[in-house]
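Remember, the numbering used here sits 214 above the position in the sequence shown when you count from 1. C-beta atoms are modelled at their ideal positions from N, C-alpha and C, and glycine is treated no differently. Here the structure is a predicted model, which means the values were calculated and not measured. Have a look at the structure below before the remarks.
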Amino acid sequence: MAGKKETPRQKMIGMMYLVLMAMLALNVSNTVLEKFLFMNMTMEKTVVDGEAKNNGTVGRIEVQVEESGKRAKDIAVLKTAQDVRTETNKVLSELDELKKRMIKVTGDYEEDGVTPKGIKNMERIARMMIKEKEGKKLKDLLNGYTTFLSAKTGDEYGDLALDGKDHPLFKQDKNARKRDFATLQFDQTPMVAGLATISQFQTEVLSRETAALEKLARDVGAADLKFDQINLVALPNSRVVAAGAKYEASLFIAASSSAAENPDMTFNGKEIEVINGKGKIEFIAKGGNYDKDGLSKRRYIATVTLKDSVYRDTIEYFVARPVIQIQSASVQALYLNCANELQVNCPQLGSAYNPTFTATGAQTIKGAKTGQVTVVPSAAEVKLNVYNSGSLLGTENFRVRRIPKPEIKLYNRGKEVNYKQGENISALRQLNIKAIPDQDFKTFLPKDARYRVTGWEVTLARGKRPVAPPSKVTKESLSIGNLMQKAKPGDRVVVEIKRVQRMNFRGKTENVNVGNVFFNIPLN
Numbered sequence: 215m216a217g218k219k220e221t222p223r224q225k226m227i228g229m230m231y232l233v234l235m236a237m238l239a240l241n242v243s244n245t246v247l248e249k250f251l252f253m254n255m256t257m258e259k260t261v262v263d264g265e266a267k268n269n270g271t272v273g274r275i276e277v278q279v280e281e282s283g284k285r286a287k288d289i290a291v292l293k294t295a296q297d298v299r300t301e302t303n304k305v306l307s308e309l310d311e312l313k314k315r316m317i318k319v320t321g322d323y324e325e326d327g328v329t330p331k332g333i334k335n336m337e338r339i340a341r342m343m344i345k346e347k348e349g350k351k352l353k354d355l356l357n358g359y360t361t362f363l364s365a366k367t368g369d370e371y372g373d374l375a376l377d378g379k380d381h382p383l384f385k386q387d388k389n390a391r392k393r394d395f396a397t398l399q400f401d402q403t404p405m406v407a408g409l410a411t412i413s414q415f416q417t418e419v420l421s422r423e424t425a426a427l428e429k430l431a432r433d434v435g436a437a438d439l440k441f442d443q444i445n446l447v448a449l450p451n452s453r454v455v456a457a458g459a460k461y462e463a464s465l466f467i468a469a470s471s472s473a474a475e476n477p478d479m480t481f482n483g484k485e486i487e488v489i490n491g492k493g494k495i496e497f498i499a500k501g502g503n504y505d506k507d508g509l510s511k512r513r514y515i516a517t518v519t520l521k522d523s524v525y526r527d528t529i530e531y532f533v534a535r536p537v538i539q540i541q542s543a544s545v546q547a548l549y550l551n552c553a554n555e556l557q558v559n560c561p562q563l564g565s566a567y568n569p570t571f572t573a574t575g576a577q578t579i580k581g582a583k584t585g586q587v588t589v590v591p592s593a594a595e596v597k598l599n600v601y602n603s604g605s606l607l608g609t610e611n612f613r614v615r616r617i618p619k620p621e622i623k624l625y626n627r628g629k630e631v632n633y634k635q636g637e638n639i640s641a642l643r644q645l646n647i648k649a650i651p652d653q654d655f656k657t658f659l660p661k662d663a664r665y666r667v668t669g670w671e672v673t674l675a676r677g678k679r680p681v682a683p684p685s686k687v688t689k690e691s692l693s694i695g696n697l698m699q700k701a702k703p704g705d706r707v708v709v710e711i712k713r714v715q716r717m718n719f720r721g722k723t724e725n726v727n728v729g730n731v732f733f734n735i736p737l738n
């Protein structure tokens, strides 16, 4: 049902009416009947107010027609509004007559001339409305009125008088849904409740008339555009300005019509959503063919269709070449099989920047923060591709360095072994060995610069021959006190490195090729 608008007062009265009807069904005392009498008087006052309001609406339409020059279309609208008002008055009058007959057949008024005598009379009301078919006539009158409104305005208005099976309040009730309109509304109904029922229908008639007249009022001068909504608009050259730079904007007035429906708008021939008269254009800017200043001129066609008029414009804009900025501890080169952490920025995109990455010759791992990426090279060169919203922003090329070999060092009691002067036999009791990473590599990639010597051999030699079989070691320290008991001045301790391992950023170990590494420690 279109256009059924009720005032808060009407809604309140309708709710009270339903509550009282429910109480009546429970055979509540005379107090309820008195409340119905009060309710009926209140609704009749609402009907009077509604008629005054709708008369005012027709008068307003008449003034609008006069001010618009009495055009044929507007005069036709006024004639329709007057027809609606006339028909409504006719229906309301017939409903008033029906209420008078209800009072008359149940004993007329008390001596005060205001209070009906037969407010409790159910039998006479049921006979009149059901057996004598007055209820059927009422149904035809009410539903005929909504059909009339639909024909006059072009909007659809639902029936006012409903059988139980069609009524939203009763269609789920086993008993009530079987009743026709007259039985549903007037069976076992005291006369005063019957009066309130008719008055309630009068308020519903008026609410539908109100909606119809408001619709017709909007149709007056519908071909005209009255720009009654004025807005101040600032159109800046750019919304983002660097500190110290000049901010420039055009300031102008934009006007729209509150009476007009949302216009149709298109972007490059495709319809766009319009809310409150404003269309939103949103797309991913495509680059290419940049000039010497790094700008690519682009354009799109926008149209606005308002009534019978079409407004079209070709709008130019410029796409700036995105500049990718790489931040890293070592940006010129990456280390092979290591987690090279990069920060890739593109200031031009601002908050729209949310990049994704692919690479040739490497694996990429996106970081937790915008623009962070870890590159793990597997080839001598890496090409890192940076995308935003599916568009390629650019490609960065990197050389790949091999991981520098660690330096192996031997220690005796915390001091590095003296290979030139040798070590005293009595002082050499424990050897410690360390694989020391390249300092730059450790600074750049500490998670990948974790080394251990996991295989080495220690031999006591005299001349060209070993004094004892070599000691094979898998830890980073070795006690050689027993071995030194066999040593003589002039002997030497020979250390051969068998295996060095590196733990990478993933916590996995890999063997490191350090070549043939020997140490000769002279003994004295």
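Can you tell me whether residue i is buried or exposed, with buried defined as 16 or more other CB within 10 angstroms of its CB?
| i | result |
| --- | --- |
| Ile515 | exposed |
| Pro382 | exposed |
| Asn727 | exposed |
| Leu449 | exposed |
| Asn241 | Per-residue confidence for Asn241 stands at a pLDDT of 49, beneath the threshold of 50, marking its modelled position as unreliable; the derived number appears in the next sentence. Per the 10 Å Cβ criterion, exposed. |
| Thr367 | buried |
| Ser307 | exposed |
| Ser413 | buried |
| Glu346 | exposed |
| Asp288 | buried |
For residue i, which option in the options has the closest C-alpha, if you only look at C-alpha atoms?
| i | options | result |
| --- | --- | --- |
| Asn451 | Glu485, Gln443, Asn445 and Lys460 | Lys460 |
| Leu556 | Tyr531, Thr574 and Lys583 | Lys583 |
| Ala576 | Leu420, Pro660, Thr588 and Ser542 | Thr588 |
| Val529 | Asn559, Ile540, Gly332 and Ile495 | One detail in the question is off: residue 529 reads as Ile in this sequence, not Val. Of the candidates Asn559, Ile540, Gly332 and Ile495, the one whose C-alpha sits nearest the C-alpha of Ile529 is Ile495. |
| Ser470 | Glu485, Asn445 and Asp527 | Asn445 |
| Asn626 | Pro620, Gln644 and Gln635 | Gln644 |
| Glu690 | Lys623, Thr411 and Asn503 | Lys623 |
| Val600 | Arg720, Asn559, Ile617 and Ala594 | Asn559 |
Does DSSP put residue i in a helix, a strand or coil?
| i | result |
| --- | --- |
| Met717 | strand |
| Phe362 | helix |
| Arg274 | helix |
| Ile538 | coil |
| Lys648 | strand |
| Ile622 | strand |
| Leu737 | strand |
| Pro561 | helix |
| Phe732 | strand |
| Asn554 | strand |
| Asn269 | helix |
| Arg513 | strand |
| Asp478 | strand |
| Val328 | coil |
| Gly408 | helix |
Residue i to residue j, Cα distance in whole Å?
| i | j | result |
| --- | --- | --- |
| Ala431 | Thr271 | 8 Å |
| Ile579 | Ile650 | 28 Å |
| Gln386 | Asp297 | 38 Å |
| Lys334 | Thr360 | 32 Å |
| Gly581 | Asn718 | 18 Å |
| Val667 | Gly508 | 54 Å |
| Gln402 | Ala266 | 35 Å |
| Thr723 | Ala641 | 35 Å |
| Arg393 | Val319 | 24 Å |
| Gly628 | Ser603 | 57 Å |
| Asp662 | Val714 | 14 Å |
| Tyr323 | Lys331 | 5 Å |
| Asn551 | Val533 | 38 Å |
| Asn638 | Gly704 | 10 Å |
Short of 7 Å in beta carbon distance, which residues of its chain neighbour residue i, apart from the five on each side in sequence? Order them along the chain.
| i | result |
| --- | --- |
| Ala239 | Caution applies to Ala239, whose pLDDT of 49 falls short of 50 and renders its modelled position unreliable; the model cannot decide the point. |
| Lys350 | Ala396 |
| Asn730 | none |
| Arg706 | Ala675, Asn734, Ile735, Pro736 and Leu737 |
| Lys712 | Gly669, Trp670 and Glu671 |
| Lys218 | Low per-residue confidence applies at Lys218: pLDDT is 49, beneath 50, and the placement is therefore not dependable, though the value from the model is reported in the following sentence. Ser421, Arg422 and Ala425. |
| Thr294 | Lys366 and Leu430 |
| Tyr504 | Ser510 and Arg535 |
Counting only the same chain and skipping the five closest in sequence on each side, list residues whose C-beta sits under 6 Å from that of residue i.
| i | result |
| --- | --- |
| Phe362 | Glu301 |
| Gly493 | Met479 and Ile486 |
With 7 Å set as the bound, which would you pick, yes or no: does the beta-carbon of residue i sit closer than that to a beta-carbon of chain C?
| i | result |
| --- | --- |
| Asp354 | This model lacks chain C altogether, as it is built from one protein chain only. |
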